[in-house]
Amino acid sequence: MKKGILIALIALWSCKSEDSSLLVEFKNKAYHDIKVDNVKLFGFGLPLPPRDSLELLENNKRINIRKKYGLVIKNLGCTVDDKELDSAVSEYYKITNIYLEERNGKGWKEKMEKELNSIILN
Numbered sequence: 011m012k013k014g015i016l017i018a019l020i021a022l023w024s025c026k027s028e029d030s031s032l033l034v035e036f037k038n039k040a041y042h043d044i045k046v047d048n049v050k051l052f053g054f055g056l057p058l059p060p061r062d063s064l065e066l067l068e069n070n071k072r073i074n075i076r077k078k079y080g081l082v083i084k085n086l087g088c089t090v091d092d093k094e095l096d097s098a099v100s101e102y103y104k105i106t107n108i109y110l111e112e113r114n115g116k117g118w119k120e121k122m123e124k125e126l127n128s129i130i131l132n
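For what it's worth, the numbering used here labels the leading residue of the sequence shown as 11, then goes sequentially.
(1) Taking its Cβ as the centre, do 16 or more other Cβ atoms sit within 10 Å of residue 89, making it buried, or is it exposed?
(2) Three Cβ pairs or more, each shorter than 8 Å: is that satisfied between the region 95 to 112 and the region 62 to 69?
(3) When the distance is taken between beta carbons, is residue 83 closer than 8 Å to residue 53?
(4) I think residue 80 touches residue 114, with their Cβ atoms under 8 Å apart; what is that distance to the nearest whole Å?
(5) Could you name the residues of the same chain whose beta carbon sits closer than 7 Å to that of residue 20, not counting the 5 residues immediately before and after it, in chain order?
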């Protein structure tokens with residue numbers, strides 16, 4: 011009986027799925043981005059260029075605010091319901107959020123959002 015349970019446990023343990031290559035890639039990116047203090051905020055879809063010089067100036071202000079908190083936006087393109095990519099991005103954020111809180115202090119997201127919202131679009 012004990013032998014049967016042991017074999018079942020070994021079989022279950024060996025069936026444990028390994029992380030997908032995309033998940034491993036995003037984990038590695040997270041550790042690299044932390045090391046170089048350049049964490050990504052991922053966006054999806056078609057990025058639109060600024061309509062005029064005022065909007066360009068406002069975009070540059072937003073970039074500088076995010077940079078102050080150690081963030082840059084990275085567009086991943088047009089993806090629809092890609093569960094593997096969603097999982098990889100989620101894992102990236104789990105890893106980098108710990109670092110960002112240590113770097114920027116508690117409540118940093120709210121402070122950053124307040125600064126971003128203070129930029130008035132015309």
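Ideal Cβ positions, reconstructed from N, Cα and C, are used throughout, including at glycine.
Since the model is a prediction, treat every value here as computed from it, not as a measurement.
So, from the data block:
(1) Burial state of residue 89 is exposed, judged by a 10 Å Cβ sphere holding fewer than 16 other Cβ atoms.
(2) As far as the Cβ criterion goes, the region 95 to 112 does not touch the region 62 to 69, which means the pair count is below three.
(3) Cβ distance < 8 Å, so residue 53 and residue 83 count as in contact.
(4) By a beta-carbon distance limit of 8 Å, residue 80 contacts residue 114. Their separation comes to about 7 Å.
(5) Because residue 20 carries a pLDDT of 49, less than 50, the predicted location of this residue cannot be relied on, and no value is offered for it.
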